[in-house]
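Student:
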Amino acid sequence: MSQKKRRVRFAPSPTGPLHMGGVRTALYNYLYARQAEGDFILRIEDTDSQRFVPGAEEYIIESLKWCGIYPDEGVDAGGKMVETPSERHPHAPYRQSQRKPIYRKYAEELVNNGFAYYAFDTSEELDAKRKEAESLKKTFTYNHITRKGLKNSLTLPKEEVERRLAETNNWTIRFKNPENRVVKMDDQIRGHIEINTDTLDDKVLWKAADGLPTYHLANVVDDHLMEITDVIRGEEWLPSLPLHYLLYEAFGWEESRPSFAHLSLLLKPDGKGKLSKRDGDRLGFPVFPLKWVNAEGEVSRGYREDGYYPQAFINMLALLGWNPGTEQEIFSLDELVKAFSLDRVIKSGARFNPEKAKWFNQEYLRMQSDEELAKEFVPILKENGIDTGKYSMEYLKQLCALIKERAHFTNDFWTISHYIFTAPQSYAENDIRKFCTPENLENIRKVKDFLEKTEIKEAPYAKKEEAVSVLEERLTGYIKENGWKMGSIMNTLRLFFVGEAKGLGIADIIYFIGKDEALNRISAALEKISIER
RNA sequence: GCAGGAUUCGUCUAACGGUUAGGACAGAAGAUUCUCAAUCUUCAAAUAGGAGUUCGAUUCUCCUAUCCUGUACCA
64 MSQKKRRVRF
74 APSPTGPLHM
84 GGVRTALYNY
94 LYARQAEGDF
104 ILRIEDTDSQ
114 RFVPGAEEYI
124 IESLKWCGIY
134 PDEGVDAGGK
144 MVETPSERHP
154 HAPYRQSQRK
164 PIYRKYAEEL
174 VNNGFAYYAF
184 DTSEELDAKR
194 KEAESLKKTF
204 TYNHITRKGL
214 KNSLTLPKEE
224 VERRLAETNN
234 WTIRFKNPEN
244 RVVKMDDQIR
254 GHIEINTDTL
264 DDKVLWKAAD
274 GLPTYHLANV
284 VDDHLMEITD
294 VIRGEEWLPS
304 LPLHYLLYEA
314 FGWEESRPSF
324 AHLSLLLKPD
334 GKGKLSKRDG
344 DRLGFPVFPL
354 KWVNAEGEVS
364 RGYREDGYYP
374 QAFINMLALL
384 GWNPGTEQEI
394 FSLDELVKAF
404 SLDRVIKSGA
414 RFNPEKAKWF
424 NQEYLRMQSD
434 EELAKEFVPI
444 LKENGIDTGK
454 YSMEYLKQLC
464 ALIKERAHFT
474 NDFWTISHYI
484 FTAPQSYAEN
494 DIRKFCTPEN
504 LENIRKVKDF
514 LEKTEIKEAP
524 YAKKEEAVSV
534 LEERLTGYIK
544 ENGWKMGSIM
554 NTLRLFFVGE
564 AKGLGIADII
574 YFIGKDEALN
584 RISAALEKIS
594 IER
C-alpha cells in the first residue's frame with residue numbers, strides 16, 4: 064500500500080488573536096499529520112491588507128508553540144520553530160503577501176480558458192444593486208443571469224475591455240459559474256454533498272486594486288502548489304466548497320485535489336451562537352490561548368495566564384468535537400496522535416463548557432509531582448509578598464502534597480494556604496459568634512498551656528506523617544480527657560489560625576506554622592476577641 | 001429571503017436497525033474527618049415534533065420546527 068505522504072496546513076489570517084476554535088482546528092490538523100507521519104504546514108493568509116493586525120502573526124506562532132503544536136514547514140517569524148530556512152524550501156514562502164506575484168497568472172489563465180472574466184463594476188454600483196434587491200426582499204447575486212446586465216468582459220466590447228484593463232485598476236477577475244450544473248462533493252466528516260451551481264455567485268478571485276487574490280483563489284492555488292492532501296478547516300467554509308471544487312476542475316487539478324473535512328463550530332456556553340470574545344468577558348473565562356492586548360489597550364485574558372497547563376487545554380479542546388469511542392478522557396499529546404481519527408469527529412456544533420475545562424486542569428495538576436508544584440508555587444508566594452527564602456523546598460513539597468487535592472490551578476494554592484504563611488488579620492464575624500463562647504475561650508487557654516508543654520515536630524520534618532499523627536493523637540486525647548466537644552475546640556483553634564472555619568486539619572496547620580507561631584496566634588486572637596467584647 | 005449544514009440528559013458525548021439508551025462535567029443526597037475541600041456511595045436527568053420503511057427505529061427516508069454558517073473587491 065503506497066499512499067502519498069499526507070500534507071495538511073493550518074492557514075489563519077492575522078486579523079487578531081487566535082481564537083480557541085482556531086487552536087482546535089490547528090490541533091486536529093497537527094494530530095492528523097503526526098498520525099500519518101505527514102507534514103503539518105503553517106501558512107499565513109494575509110491577503111486582506113485592510114484587516115491586518117500587527118502582532119497577530121507572532122501571537123499565532125507563540126500560541127501554537129505554547130500548545131506544543133510545531134509546524135514542519137511554515138512561516139518562520141524569527142523563532143527556531145521551523146528547522147528548514149523558509150527561503151530554501153521549495154514550497155516557500157508561506158505568507159501569502161509574499162506570494163503576491165504568483166496568483167495573477169493563475170487568475171488570468173482562468174480568464175483565457177473561459178472560466179473567469181474581468182468585471183468593472185464598482186463597489187458602489189454593486190452596493191446599490193444589493194440595496195435595491197434587499198428592498199424587494201431578494202438577494203442580489205452576481206451570476207449567469209445578472210452578469211449579462213453588468214459591466215464586464217462578457218458584455219463590453221473587446222476594445223473597451225482592453226482600454227479599461229490598461230488604464231484603470233478598479234477591476235476584478237470573477238469566477239464564471241457554470242449554469243445549472245450539480246456539483247458533487249465529499250467531505251470526510253459530513254459525507255456526500257450536492258449543490259446546484261445556479262445558487263452560487265461569481266466570486267471575486269483577484270483584485271487589480273491591490274494586486275492580491277481573494278481567499279478562494281489564494282487558497283486553492285497555494286494548496287495545490289504546496290501539495291496539500293487534506294484540508295481540515297472550519298465549517299464556515301462549507302458554503303464555498305463547491306466554488307473550490309469548480310476551481311480545481313477549471314485548473315485541471317482534479318487528480319490532486321485534496322480531500323476536505325469541515326469541522327463544526329465552537330458554541331457559546333449559554334444561549335445561542337458561536338463562541339466569541341465577548342462571551343469570555345461576560346462569563347469570565349478565556350477564549351484565547353494567550354493574553355492579548357489590542358490597539359485600544361483592551362485586554363483579553365488567556366488560558367496560559369489563567370494558569371492552565373497547555374496539555375490540559377489541548378486535551379480539553381481535543382475532546383470538544385471528537386471522542387475516541389472509549390471512556391478515556393485524559394490523553395497526552397502522543398496518545399491523542401495515536402487515537403485521533405477524522406471519522407470520529409462530531410458533525411454538530413460543540414458548546415464550550417468552562418467548568419469542564421477547569422476539571423481537565425485539575426486532573427493535570429494532580430498528575431504533577433510535589434516537587435514540580437513546589438517550584439510553581441514559589442513565584443506565586445513571591446507575588447503575595449512572602450519571603451520564600453524562609454521556606455525550604457522540602458517544606459513547600461510537603462505543603463503542596465496536601466493542598467493539591469483542593470485546587471484546580473496552582474494559582475489556587477495561595478487562596479487555599481495563605482494562612483500557613485501569614486497570620487490572620489481579622490476573624491470571620493459569624494464564626495466568632497458561633498465558637499467564641501466564654502466557656503470555649505476558657506478551654507482554649509488550657510489547650511494553649513497544653514500545647515506549650517507538648518513536644519511538637521515542625522515542618523519540614525523527614526517523617527511528616529508520623530509527626531502530624533502523633534500531635535493529633537495528643538491533642539484529641541487531651542480534648543477527650545477533659546470531656547470537651549471536639550468540634551468546638553478544633554474550630555475555635557482553626558478560627559484563630561486561619562481567620563475562618565475553613566482549611567487543613569489542625570495538626571497539619573500547627574505542623575506547618577510551628578509551635579511558636581501557633582501559640583502566638585492563639586494569644587493574639589484571645590486578646591483581640593476579648594477586647595472587642 | 002435563498003442555499004447548505006446540524007439536532008441524544010443542563011453541557012460534552014457513547015450506542016453494525018434489536019441496550020434497563022452508557023460515561024464524563026455540573027447538580028442533589030448520604031457516608032467520612034475537627035471545619036472547608038477532597039474522596040467514596042447513591043440519586044435525578046435525554047433520543048426536537050410528525051409521518052413512513054421495517055417484525056423492530058436514537059440509527060434509514062420524507063415533512064415541520066429550531067439553531068448555525070454562508071449569501072463582501074473579509075477570511
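Just so we're aligned, residue 64 is where the first sequence starts under our numbering, counting upward by one. From the three backbone atoms N, C-alpha and C, an ideal C-beta is built for every residue, glycine too. This structure is a prediction, so every number in the text was calculated from the model and none was measured.
Assuming contact is defined by CB atoms lying nearer than 8 Å, are residue 473 and residue 519 in contact in what I supplied?
Tutor: Start at 1 with the first residue of the first sequence, and residue 473 comes out as number 410. Start at 1 with the first residue of the first sequence, and residue 519 comes out as number 456. No, these two residues do not count as a Cβ contact at 8 Å.
Student: One question on the structure: do residue 291 and residue 405 come within less than 8 Å of each other, judged by their Cβ atoms?
Tutor: In the first sequence, counting from the first residue as 1, residue 291 sits at position 228. In the first sequence, counting from the first residue as 1, residue 405 sits at position 342. Contact: no.
Student: Short of 6 Å in beta carbon distance, which residues of its chain neighbour residue 563, apart from the five on each side in sequence? Order them along the chain.
Tutor: By one-based count along the first sequence, residue 563 stands at place 500. Excluding its 5 nearest sequence neighbours in each direction, residue 563 has C-beta neighbours in its own chain below 6 Å: 491 and 494, listed in chain order.
Student: Taking three-plus beta-carbon pairs below 8 Å as touching, is the region 315 to 327 in contact with the region 96 to 109?
Tutor: no
Student: Residue 421 and residue 481 look like a contact to me (Cβ under 8 Å); what is the Cβ gap, rounded to whole Å?
Tutor: To locate residue 421, count along the first sequence from 1; it is residue 358. To locate residue 481, count along the first sequence from 1; it is residue 418. Actually they do not touch by this definition, with Cβ atoms about 21 Å apart.
Student: With C-beta atoms as the reference, is residue 268 less than 8 Å away from residue 276?
Tutor: Sequence index remark: in the first sequence, residue 268 carries index 205 (1-based). Sequence index remark: in the first sequence, residue 276 carries index 213 (1-based). Going by C-beta atoms, residue 268 is nearer than 8 Å to residue 276.
Student: Check whether the Cβ atoms of residue 258 and residue 246 sit closer than 8 Å, and answer yes or no.
Tutor: Position 195 of the first sequence, counted from the first residue, corresponds to residue 258. Position 183 of the first sequence, counted from the first residue, corresponds to residue 246. The answer is yes: Cβ separation under 8 Å.
Student: What number of angstroms, rounded off, separates the C-alpha of residue 295 from the C-alpha of residue 323?
Tutor: Translated into the one-based positions of the first sequence, residue 295 becomes position 232. Translated into the one-based positions of the first sequence, residue 323 becomes position 260. Each residue's alpha carbon lies about 6 Å from the other.
Student: Short of 7 Å in beta carbon distance, which residues of its chain neighbour residue 461, apart from the five on each side in sequence? Order them along the chain.
Tutor: Working through the first sequence from its first residue, we reach residue 461 at position 398. Excluding its 5 nearest sequence neighbours in each direction, residue 461 has C-beta neighbours in its own chain below 7 Å: 522, 523 and 527, listed in chain order.
Student: Do residue 589 and residue 496 come within 8 Å of each other at the CB atom, strictly closer than that value?
Tutor: Stepping through the first sequence from its first residue, residue 496 is reached at position 433. Stepping through the first sequence from its first residue, residue 589 is reached at position 526. No, they are not a contact pair.
Student: Which two residues bound the contiguous alpha helix (DSSP H) that contains residue 560?
Tutor: Numbered from 1 along the first sequence, position 497 holds the residue referred to as residue 560. Looking at the DSSP string, the run of the alpha helix (DSSP H) that includes residue 560 is 549 to 561.
Student: Under the three-state reduction of DSSP, which class applies to residue 253: helix, strand or coil?
Tutor: Numbered from 1 along the first sequence, position 190 holds the residue referred to as residue 253. Coil, per DSSP.
Student: Which runs of the alpha helix (DSSP H) fall wholly inside the region 168 to 218 and span at least 4 residues, in chain order?
Tutor: 186 to 198
Student: Report yes if the C-beta distance between residue 138 and residue 165 is below 8 Å; otherwise report no.
Tutor: Your numbering for residue 138 matches position 75 in the first sequence. Your numbering for residue 165 matches position 102 in the first sequence. Going by C-beta atoms, residue 138 is not nearer than 8 Å to residue 165.
Student: Three or more beta-carbon pairs under 8 Å between the region 160 to 180 and the region 118 to 133, yes or no?
Tutor: No: fewer than three Cβ pairs fall under 8 Å.
Student: Under 8 Å Cβ to Cβ from residue 447, same chain only, skipping five residues before and after it: list those, please.
Tutor: Counting from one through the first sequence, the residue named residue 447 turns up at place 384. Closer than 8 Å at Cβ, skipping near neighbours: 477, 481 and 484.
Student: Under the rule that 16 or more other beta-carbon atoms within 10 Å means buried, what is residue 179, buried or exposed?
Tutor: For the purposes of this step, residue 179 is taken as residue 116 along the first sequence, with counting starting at 1. Its Cβ being crowded by 16 or more others within 10 Å, residue 179 is buried.
Student: Could you check what DSSP says for residue 145 in three-state terms: helix, strand or coil?
Tutor: The residue given as residue 145 occupies position 82 in the first sequence. Here residue 145 scores only 46 on pLDDT, less than 50, and its place in the model should not be relied on; the value that follows carries that caveat. Here residue 145 sits in coil by DSSP.
Student: Is DSSP giving residue 136 helix, strand or coil here?
Tutor: For this step, residue 136 is matched to residue 73 along the first sequence. It is a strand residue.
Student: What does a CB cutoff of less than 8 Å around residue 170 pick up in its chain, not counting 5 residues either side in sequence?
Tutor: Numbered from 1 along the first sequence, position 107 holds the residue referred to as residue 170. Result list for residue 170: 179, 236, 268, 269, 276 and 280, in chain order.
Student: Given this structure, state the Cα-to-Cα distance separating residue 87 from residue 377, to the nearest angstrom.
Tutor: By 1-based counting over the first sequence, the position of residue 87 is 24. By 1-based counting over the first sequence, the position of residue 377 is 314. If you take the alpha carbons of residue 87 and residue 377, they lie about 8 Å apart.
Student: Quick one, are the C-beta atoms of residue 346 and residue 365 less than 8 Å apart?
Tutor: As a first step, residue 346 must be located in the first sequence, where it is residue number 283. As a first step, residue 365 must be located in the first sequence, where it is residue number 302. Against a cut-off of 8 Å, the Cβ pair of residue 365 and residue 346 comes out as no contact.
Student: Going by C-alpha to C-alpha distance, which of 515, 289 and 543 sits closest to residue 584?
Tutor: Looking up residue 584 in the first sequence gives position 521. Cα-wise, what sits closest to residue 584 is 515.
Student: So for residue 496, helix, strand or coil by DSSP?
Tutor: Here residue 496 refers to the residue found at position 433 when the first sequence is read from its first residue. In this structure, residue 496 counts as helix in the three-state DSSP scheme.
Student: Taking 6 Å as the limit between beta carbons, can you name the residues of its chain near residue 535, skipping five residues before and five after?
Tutor: Position 472 of the first sequence, counting from 1, holds the residue named residue 535. Answer for residue 535: 570, listed in chain order.
Student: Looking only at its own chain, which residues have a Cβ that is under 7 Å from the Cβ of residue 537, when we skip the five neighbours before and after it?
Tutor: As a first step, residue 537 is located in the first sequence; it is residue number 474 there, counting from the start. Same-chain partners within the cutoff: 517.
Student: Rounded to a whole number of angstroms, what is the C-alpha to C-alpha distance between residue 362 and residue 183?
Tutor: On the first sequence, position 299 is the one that residue 362 refers to. On the first sequence, position 120 is the one that residue 183 refers to. Computed Cα separation, rounded: 42 Å.
Student: Which of the three DSSP states, helix, strand or coil, is assigned to residue 382?
Tutor: For this step, residue 382 is matched to residue 319 along the first sequence. If DSSP states are grouped into helix, strand and coil, residue 382 belongs with coil.
Student: Please state whether the Cβ-Cβ distance between residue 479 and residue 426 is less than 8 Å.
Tutor: As a position in the first sequence, residue 479 is number 416, starting the count at 1. As a position in the first sequence, residue 426 is number 363, starting the count at 1. Cβ atoms of residue 479 and residue 426: not closer than 8 Å.
Student: Could you tell me which whole alpha helix (DSSP H) segments of length 4 or greater appear in the region 290 to 318?
Tutor: 304 to 314
Student: Within the continuous beta strand (DSSP E) that includes residue 71, where are the two ends?
Tutor: By one-based count along the first sequence, residue 71 stands at place 8. Taken as a continuous stretch (DSSP letters only), the beta strand (DSSP E) holding residue 71 covers 70 to 73.
Student: By the DSSP assignment, the beta strand (DSSP E) with residue 348 in it spans what residues?
Tutor: On the first sequence, position 285 is the one that residue 348 refers to. Premise fails: residue 348 is in no beta strand (DSSP E) and is neither H nor E.
Student: Enumerate in chain order the residues of its own chain whose CB-to-CB distance from residue 74 is below 6 Å, with the five nearest sequence positions on each side excluded.
Tutor: Counting from one through the first sequence, the residue named residue 74 turns up at place 11. So the qualifying residues of the chain are 106 and 108.
Student: Give me, in chain order, the residues of the same chain whose beta-carbon lies closer than 7 Å to that of residue 204; leave out the 5 immediate sequence neighbours on both sides.
Tutor: Residue numbering aside, residue 204 sits at position 141 when the first sequence is read from its first letter. Cβ neighbours of residue 204 beyond the five flanking positions: 264.
Student: Going by C-alpha to C-alpha distance, which of 116, 315 and 397 sits closest to residue 76?
Tutor: For the purposes of this step, residue 76 is identified with residue 13 of the first sequence, where counting begins at 1. The candidate whose alpha carbon is nearest that of residue 76 is 116.
Student: In the structure shown, what three-state DSSP assignment does residue 284 receive?
Tutor: Locating residue 284 in the first sequence gives position 221, counting from the first residue. Of the three classes helix, strand and coil, the one that applies to residue 284 here is helix, per DSSP.
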